[in-house]
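What follows is one structure encoded as structure tokens, with my remarks underneath.
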Amino acid sequence: MKSKHDLTITDIRVIVSSPGRNFVTLKIVTKCGLYGVGDATVNGREQAVAAYLKEHVTPCLIGRNAHEIEDIWQYLYKGVYWRKGPINMAAIAAVDVALWDIKGKAADLPVYELLGGKSRKAIATYAHATGSTIDDTLDKAEALFAQGFTAVRLQTAVPGLKASYGVLGDKKDYFEQQSSRPLPPEEPWSTRKYMNSIEDLFRQARSRFGTEVQLLHDVHSRLTPIEAARLGKMLEPYDLLFLEDAVAAENQDSYRIIRDHTTTPLAIGEIYNTIWDCKELIQNQWIDYIRTATTHAGGITALRRIADFAALFHVRIAPHGAPDLSPICYAAQAHLGIWAPNFGIQEFVGFGSDKSNEVFSYDLTLTEGMIHVGDSPGLGVDFNEEAAAQYPYNRSYLPVSRLEDGTLWSW
Ligand code: CS2
Ligand code: MG
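Residue numbering for the sequence shown follows the working numbering, beginning at 3 and increasing consecutively.
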């Protein structure tokens, strides 16, 4: 069918900006003037994906028809020869999301309508409560429940360790914490200290908040499979919605070991790039939630496939939603989440900072802990290039983690 819009791709811009923290944003412009935006942020490696997009992707796309999302996806995935990988897949994701945005605008429909329409009214989220002590964490959780959230991830500094991931210390928020790291800071880890202290957090949480609220926890891949199995058993009485990243799963069958020992639901996937990374986890039903992000696992086209595959095995999607995922990623995931029959929950740490809100606009609203998706055509997001120009790239890193004897450990 001949489109009433000329969607020949005429210009592609890659913008690295730092409105509070670094984001890599892609803008694809077509001949009729319609454009779309995509997120390609790989935290701590932003310039690599920007160079990849500028040098190796954009020249191949100029002159193509923006309607041909599937063919362009396959071209960038199979055509590269060296498939997969975080840089490649973030670049494909940004192109894919920008093309869905354009298709929605051309059809004058929100992207969720193109996916098959809404399966629910709004998207459930879970917020973060991270404190320096158990009381601090639980006070933060109480404030979130008072705002209407019904699910909260609890993290507390490990007693006896100088620093713990996610604990802000003197920093106002994640944005300030991340931008204060021109080189990777080093943080200590002790599995024994962690295992000796973690149960108390959940015991106190249940006795303070009762059984109605949903609680979650992220292990950040610090344990071995058998340690994770023990943790899952230990936390069973506290009825977690899920335990996240208990083990780094380069070996997907590590999760079989955990699964054999505990009924605590398991989630993983924020660092995965493709459906292949989670294929065995899903088809063996070793996990309950798959947490791949549109930005890091190939965009809406790829996440839709993961969601459909996961649905066959009772696995639900719970996409990553940390602050390094831009409002464009949130929008893409919101459109997916409102459609996917097997949507579970969306991680949510706010749509952005005051600075990032000058740069990104979005048609999403949060009420009572739920994200409502507006009916703007496309993804309903925009990126203000002039505002972004006020915030140049600022090199920053995630921390690295070491055991107390100095051995480098999983982050
Ligand atoms: C975390 C993230 O939100 C999460 O679940 O694991 O904070 C993660 O460490 C960062 O997004 C990495 O960039
Ligand atoms: Mg995580």
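A virtual CB, placed ideally from N, CA and C, is assigned to each residue, including glycine.
(request) Measure the C-alpha to C-alpha separation of Lys80 and Ala334 and round it to an integer number of angstroms. (result) 23 Å
(message) Out of Asp356, Gly301, Asn359 and Ala312, which one is the CA nearest neighbour of Ala336?
(response) Gly301
(request) Assign Gln392 to buried or exposed, taking buried as 16 or more other Cβ atoms, counted over all protein chains shown, within 10 Å of its Cβ. (result) exposed
(request) May I ask whether a heavy atom of ligand 1 can be found less than 7 Å away from the beta carbon of Leu283? (result) no
(request) Going by CA-CA distance only, name the one from Arg15, Pro267, Val221 and Asp377 that's closest to Asp241. (result) Pro267
(request) May I ask you to check if the CB of Leu218 is nearer than 7 Å to at least one heavy atom of ligand 1? (result) no
(request) Using beta-carbon positions only, say whether Leu156 and Leu217 come within less than 8 Å of one another. (result) yes
(request) Kindly identify the DSSP beta-bridge partner or partners of Ile14. (result) Ile30
(message) Taking 8 Å as the threshold (C-beta atoms), are Ala53 and Val26 in contact?
(response) no
(message) Let me make sure I understand the geometry here. Which of Gly234, Glu272 and Pro239 has the alpha-carbon closest to that of Arg258?
(response) Gly234
(message) Spatial neighbours of Gly346 within its chain, please: C-beta separation below 7 Å, excluding the five flanking residues on both sides.
(response) Tyr291, Arg318, Ile319 and Ala320
(request) Could you tell me whether the Cβ atoms of Val154 and Leu381 are closer together than 8 Å? (result) no
(message) Relative to the C-alpha of Asp356, which candidate in Pro325, Tyr83, Glu201 and Lys164 has its C-alpha closest?
(response) Pro325
(request) Report whether the distance from the Cβ of Asn359 to the nearest heavy atom of ligand 1 is below 7 Å. (result) no
(request) Determine the direct distance from the alpha carbon of Lys29 to that of Val16, and round the result to whole angstroms. (result) 7 Å
(request) Could you pull out every unbroken beta strand (DSSP E) segment of at least 3 residues lying fully inside the stretch 35-88, listed in chain order? (result) 37-41
(request) With DSSP as the reference, please indicate the residues paired to Thr367 in a beta bridge. (result) His374
(request) Give me whichever residues DSSP pairs with His130 in a beta bridge. (result) Arg155
(request) May I ask you to verify whether the stretch 128-136 touches the stretch 101-118, counting CB pairs closer than 8 Å and requiring at least 3? (result) no
(message) For the beta strand (DSSP E) containing Asp262, name the first residue and the last one.
(response) Where Asp262 is concerned, there is no enclosing beta strand (DSSP E), although the alpha helix (DSSP H) it sits in stretches over Ser256 to His263.
(request) Inspect the CB distances between the stretch 241-256 and the stretch 218-227 and report whether three or more fall short of 8 Å. (result) yes
(message) According to DSSP, is Phe211 part of a helix, a strand, or is it coil?
(response) helix
(message) Taking 7 Å as the cut-off, is the beta-carbon of His130 closer than that to any non-hydrogen atom of ligand 2?
(response) no
(message) Nearer than 7 Å: is that true of the beta carbon of Ala324 relative to any heavy atom of ligand 3?
(response) Among the ligands modelled here, namely ligand 1 and ligand 2, ligand 3 does not occur.
(request) Figure out for me which residue from Tyr395, Pro343 and Val383 has the closest Cα to the Cα of Gly119. (result) Pro343
(request) Evaluate contact between the stretch 80-93 and the stretch 307-315, counting only Cβ atoms and requiring at least three cross-stretch pairs below 8 Å. (result) no
(request) Express the C-alpha separation of Phe353 and Thr294 in angstroms, rounding to a whole number. (result) 18 Å
(message) Which same chain residues end up closer than 7 Å to Val402 when comparing Cβ atoms and leaving out the 5 residues on each side of it in sequence?
(response) Pro186, Glu188, Leu410 and Trp413
(request) Let me know the secondary structure DSSP gives Val249 once reduced to three states. (result) coil
(request) List the residues that DSSP assigns as beta-bridge partners of Trp411. (result) Ser403
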